[in-house]
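Step one of this worksheet: look at the structure below.
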Amino acid sequence: MEESVSIVIPVFEEEESLPHLYKAIKAVTEKLNRKYEIVFVDDGSKDGTFKILESIQKKDPNVVVVSFRRNFGQTAAMAAGFEYASGDIVITMDADLQNDPNDIPKLLEKIKDCDVVSGWRKNRQDKFLSRRLPSMMANGLISKVTGVALHDYGCTLKAYRKEVIKNVRLYGEMHRFIPAIASWVGATITEVETTHHARKFGKSKYGISRTIRVILDLITVKFLQSFSTRPIHAFGPGGLVMGALGFFIALYLSFEKIFMGKAIGGRPLLILAVLLIILGVQLVIMGLLGEMLARVYHESQGKPIYTVKKVLGR
Ligand code: UDP
Ligand code: MG
2 MEESVSIVIP VFEEEESLPH LYKAIKAVTE KLNRKYEIVF VDDGSKDGTF
52 KILESIQKKD PNVVVVSFRR NFGQTAAMAA GFEYASGDIV ITMDADLQND
102 PNDIPKLLEK IKDCDVVSGW RKNRQDKFLS RRLPSMMANG LISKVTGVAL
152 HDYGCTLKAY RKEVIKNVRL YGEMHRFIPA IASWVGATIT EVETTHHARK
202 FGKSKYGISR TIRVILDLIT VKFLQSFSTR PIHAFGPGGL VMGALGFFIA
252 LYLSFEKIFM GKAIGGRPLL ILAVLLIILG VQLVIMGLLG EMLARVYHES
302 QGKPIYTVKK VLGR
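Structure representation (structure tokens):
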């Protein structure tokens, strides 16, 4: 028996696309010869989205609909989809027909020998200035910072093995970083080219301001990757260097004041010394607070600081 598949789709006000999307997915899944389900997550839509999903679900036992009380955002919708998905393989895609369901067999073929397959919209059908350019820069930056090189972090069309997805917790707008997060715990990733269409119905839910949020999320992800079990190593070195520098400047000023009788009250150097000492102490304290938080985080949830692949002989 082939592994079963869950297709997870975040939906926010896509009433016109939905019927076409459902039809296109069905045409593909019916030919797969495996158990499948389609999990639609209605992210608090105010248009007819829920009604349409409801009527689809009534007629099709392979469809699961999760409906949010209000709009929680695409990341939350995807997290809910993962929670309710029961398949061995989870495929995510957009509801706006920009991803093509015909790529699903290709993803399933590829995932046979890896844990994550990431779609790459090589011929992306979006505006250049507001979409493709920021996206190009973001992908370069994310690849560099996370050490996981992908052409298209933003493509929702991706496939994951269940074990990989059940262990990632998503916050903010972090769904695009799942491959990087998964790779840090040892998952293997392949990239495939996928088809991309221009949006026919409705309009995009995002503007250019997303770029800033992506950069902030990247900082968080990177920090958590490198320092979540040793935050004092992130803040401590800077704190010690600044504190020491401030201390020596203050020492020098004290020497001038006490032994040479010079007035130091109006010296810019004095302000610098005070600033450096305060910053230094603050940074070290922040590191210590971080250390305490790290313990709360790991111990309260029974979260180990490592991931085990296999144990032999026990
Ligand atoms: N989406 C969502 N909640 C939101 C915003 C978007 O579930 O708050 C869904 C949306 O319905 C679509 C997908 O996320 O299925 C991607 O959104 P969109 O197409 O607007 O993004 P773009 O393709 O322009 O980057
Ligand atoms: Mg879209």
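The opening position of the sequence shown corresponds to residue 2 in our numbering, with each subsequent residue numbered one higher. Positions of the beta carbon are idealized from the N, C-alpha and C atoms, including for glycine.
Residue i - DSSP class collapsed to helix/strand/coil
i, result
"Asp104", "helix"
"Arg162", "strand"
"Asp218", "helix"
"Phe178", "helix"
"Phe129", "helix"
"Ile233", "helix"
"Val275", "helix"
"Phe41", "strand"
"His152", "coil"
"Pro20", "helix"
"Arg211", "helix"
"Gly303", "coil"
"Val282", "helix"
"Arg315", "coil"
"Thr267", "Strictly speaking, residue 267 in this sequence is Gly, with Thr absent from that position. Reduced to three states, the DSSP call for Gly267 is coil."
"Ser7", "strand"
"Glu15", "coil"
Length of the line joining the Cα atoms of residue i and residue j
i, j, result
"Leu252", "Val275", "11 Å"
"Val9", "Phe41", "6 Å"
"Met138", "Lys24", "35 Å"
"Val12", "Ala78", "8 Å"
"Lys27", "Lys167", "26 Å"
"Ile53", "Tyr37", "20 Å"
"His198", "Gly247", "58 Å"
"His21", "Phe224", "41 Å"
"Ala188", "Lys310", "10 Å"
"Thr230", "Ser205", "38 Å"
"Ile250", "Asn124", "58 Å"
"Met293", "Ala235", "14 Å"
"Asp95", "Ile286", "44 Å"
"Gly49", "Val312", "51 Å"
"Leu271", "Val242", "17 Å"
"Leu142", "Leu171", "20 Å"
"Val186", "Leu254", "51 Å"
"Asn140", "Ser227", "20 Å"
"Asp61", "Thr157", "24 Å"
"Val165", "Ile182", "10 Å"
"Thr212", "Leu33", "37 Å"
Cβ-Cβ distance between residue i and residue j below 8 Å
i, j, result
"Gly291", "Gly240", "no"
"Asp114", "Thr195", "no"
"Ser56", "Arg35", "no"
"Asp97", "Ser18", "yes"
"Ser184", "Gly155", "no"
"Arg200", "Gln283", "no"
"Val215", "Pro180", "no"
"Asn63", "Ile39", "yes"
"Gly173", "Asp218", "yes"
"Thr191", "Lys111", "yes"
"Gly288", "Ile220", "no"
"Ser144", "Leu134", "no"
"Gly203", "Glu15", "yes"
"Arg122", "Asp89", "no"
Supposed contact pair residue j and residue i - C-beta distance, whole angstroms, cut 8 Å
i, j, result
"Gly244", "Ile278", "6 Å"
"Ser68", "Phe83", "In fact, because the Cβ distance is near 16 Å, the residues do not count as touching under 8 Å."
"Val222", "Phe178", "5 Å"
"Val29", "Ile105", "5 Å"
Cutoff 8 Å: residue i Cβ touching any chain C Cβ
i, result
"Leu270", "Protein chain content of the structure displayed is limited to a single chain, and chain C is not contained in it."
| message | For the stretch 261 to 271 against the stretch 297 to 312, do three or more pairs of beta-carbon atoms, one drawn from each stretch, fall closer than 8 Å, so that the two count as touching? | response | In short, these stretches do not touch, since the Cβ pair count stays below three.
| said: I want to know whether the stretch 43 to 50 touches the stretch 73 to 88 - three or more CB-CB distances under 8 Å. | reply: Segment contact: the stretch 43 to 50 against the stretch 73 to 88, three or more CB-CB distances shorter than 8 Å; contact assigned.
| message | Considering only heavy atoms of the ligand SAM and the C-beta of each residue, which residues fall inside 6 Å, strictly closer? | response | By its list of ligands, the structure shown excludes the ligand SAM, since it contains just the ligand UDP and the ligand MG.
| Touch check for the stretch 151 to 164 and the stretch 118 to 129: three-plus C-beta pairs under 8 Å? | Yes: the two stretches touch, three or more of their Cβ pairs being nearer than 8 Å.
| field | the stretch 54 to 72 in contact with the stretch 124 to 136 per 3-pair CB rule at 8 Å | value | The way I'd put it, the stretch 54 to 72 doesn't touch the stretch 124 to 136; fewer than three beta-carbon pairs between them come closer than 8 Å.
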